[in-house]
Amino acid sequence: MLHHCWLILVALPIIICTNDTIYSLPSSKGPIDGANWMRDNINTLGKRTLKEICMPGSHDSGMSSFVSGTSMSHSCNVLTQSLPIKGQLENGARYFDVRPDIVRGNAYHTGHYMKLPGGTCIGGNGQSMVSIVDEINEFISNHNELVIVKLSHSLNAGRCGFFSMHEWEFVLRILDNTRNLYVNKDKKVRLDKLTLNHFTNNGTKGAVLYITNESEVKLWHRLGQGFFYESNLNLYDVYANTNLLPRMMKDQIKKLKEVSKKYFFLLSWTLTQGAKGAILCRMKLSRSIKELAVLAHDSLPKIIPEINSDVFPNVLYVDDIRNTEIVSVAMDINNKLNV
């Protein structure tokens, strides 16, 4: 009886063994160019809608650097990525989770915080919002790819609360400087029903979308001008909220089977550190966020036997993207689909 699962991420067939069943499927031809994987596969992916495509996604994307933070913050409980946005783009990430916050001096950065009982926020700040726009602009000017950025979890750390609309306006003005913003006059457009060819002009230009939650920020005149609501994407994004790998896998695979057919489905393949882990990791008594990411990454290929043309993720959402392994898994899923 076979019990182990193996994935070889090279230009060889994948053999996946689970219980008594053996799965063999073609692997993505390598080496993969993470900066151009959508363009390089435009013949396969171009005619597909976003709902019919799987792509790598980056969790807490701006937290590759630790600029400042609270007294309890440490690199082990703040850093979720090793590479800045530019490096993540070059390694294949196409969906980004950007969480704006305000640091001293009213500078707008990204943040990774948790709220403790009693209303205290602990955490730290990462890349500036200006640097993120600069890196997206540099990338999108040279690569004919689609980039989706979800904006959420805004925080004014000084009062441990969400942004006011006035504070959001400052962030949106920074984002207005993004190049190749995708424009659609239909404010109720379903982005997930549009093809990759539509967004990239048949693979000849790049495009950028910003996605927000309507309950957190009102877009007003920006709606359709590169900025859209989660409802426009029909997004499903619900994480397991556990640091236990088997529990996370069970939770996400269950959600995948139950709802992925109906939504643009984000598979949240992340392990959540929690308050206890965030404190203990400072003394090396528990794993850091990036160490937890290694466990999650190693288990990601185990979803492939669960995949068919009705059950598949649209985003493989992970911490610490620093190579093209997640692109390989995404393309193995794309190649398995009969859509």
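Per mature numbering (1 follows the signal peptide of the UniProt record, and there is no 0), the sequence shown runs over residues -17 to -1, 1 to 322.
A virtual CB, placed ideally from N, CA and C, is assigned to each residue, including glycine.
Under 9 angstroms between C-beta atoms of residue i and residue j
| i | j | result |
| --- | --- | --- |
| L216 | R31 | no |
| L62 | S41 | no |
| I322 | E35 | Note that residue 322 is Val in the sequence shown, not Ile. Yes, the pair counts as a contact, with Cβ atoms nearer than the cut-off. |
| L138 | P100 | no |
| M231 | A261 | no |
| G75 | I15 | yes |
| V132 | Y78 | yes |
| I287 | L320 | no |
| residue 325 | H92 | No answer is possible for residue 325: it lies beyond the span of the chain, which begins at -17 and ends at 322. |
| T307 | G17 | yes |
| S135 | E73 | no |
| L177 | L33 | yes |
| T53 | G106 | yes |
| Q256 | R270 | yes |
Top-ranked residue by Cα proximity to residue i, from the options
| i | options | result |
| --- | --- | --- |
| K170 | N184, H149, Y212 and F79 | Y212 |
| T88 | V191, T187, S51 and G102 | Contrary to the premise, residue 88 reads as Gly rather than Thr in this sequence. Closest option to G88, Cα to Cα, is S51. |
| H95 | S292, S44 and E73 | S44 |
| K240 | N297, R205, L268 and V200 | N297 |
| K188 | M148, N125 and L206 | N125 |
| I272 | L227, K245, Q235 and I316 | L227 |
| V242 | K233, F295 and L192 | F295 |
| D175 | G102, H149, F247 and R265 | F247 |
| Y222 | T53, L254, N127 and L28 | L254 |
| I304 | K168, P67 and H204 | P67 |
| M55 | K98, E73 and L33 | K98 |
| E128 | L134, G107 and M38 | M38 |
| L283 | S269, L263, I309 and H204 | I309 |
| A90 | H181, K285, L275 and E150 | E150 |
| L202 | K233, M266 and D159 | D159 |
| N167 | R205, K259, F145 and R265 | R205 |
| K259 | C143, G144, Y193 and T225 | T225 |
| S214 | Y193, F145, K233 and D234 | Y193 |
| P229 | K285, G144 and D220 | K285 |
Contact belief for residue i with residue j at Cβ below 8 angstroms, rounded distance in angstroms
| i | j | result |
| --- | --- | --- |
| V81 | I115 | 6 angstroms |
| M46 | G141 | Contact flag wrong, Cβ pair sits at about 19 angstroms. |
| V191 | G209 | 6 angstroms |
| L218 | Y300 | About 11 angstroms; that fails the 8 angstroms criterion. |
| I157 | V130 | The Cβ separation is near 16 angstroms, so there is no contact. |
| K244 | D293 | 5 angstroms |
Buried versus exposed call for residue i [16 or more other C-beta atoms within 10 Å across all chains shown]
| i | result |
| --- | --- |
| W252 | buried |
| N26 | exposed |
| T4 | At T4 the pLDDT is 33, less than 50, meaning the model places this residue with poor confidence and gives no usable figure here. |
| E197 | exposed |
| I(-4) | Low per-residue confidence applies at I(-4): pLDDT is 42, beneath 50, and the placement is therefore not dependable enough to give any value. |
| D302 | buried |
| S10 | The pLDDT assigned to S10 is 47, lower than 50, so where the model puts this residue is not dependable; a value taken from the coordinates is nonetheless given after this. Burial call: buried. |
| E152 | exposed |
| M314 | buried |
| S147 | exposed |
| G186 | buried |
| S183 | The sequence given here places Thr at residue 183; Ser does not occur at that position. That one is buried. |
| S311 | buried |
| N317 | buried |
| L268 | exposed |
| T195 | buried |
| K238 | buried |
Residue i: CB within 8 angstroms of a non-hydrogen atom of the ligand ZN
| i | result |
| --- | --- |
| T32 | The ligand ZN is not among the ligands present in this structure, which contains no ligands whatsoever. |
Cutoff 9 angstroms: residue i Cβ touching any chain B Cβ
| i | result |
| --- | --- |
| F295 | Absent from the structure is chain B; it holds one protein chain and no more. |
With three or more C-beta pairs closer than 8 angstroms as the rule, is the region 155 to 171 touching the region 117 to 127? yes
Touch check for the region 50 to 60 and the region 17 to 28: three-plus C-beta pairs under 8 angstroms? no
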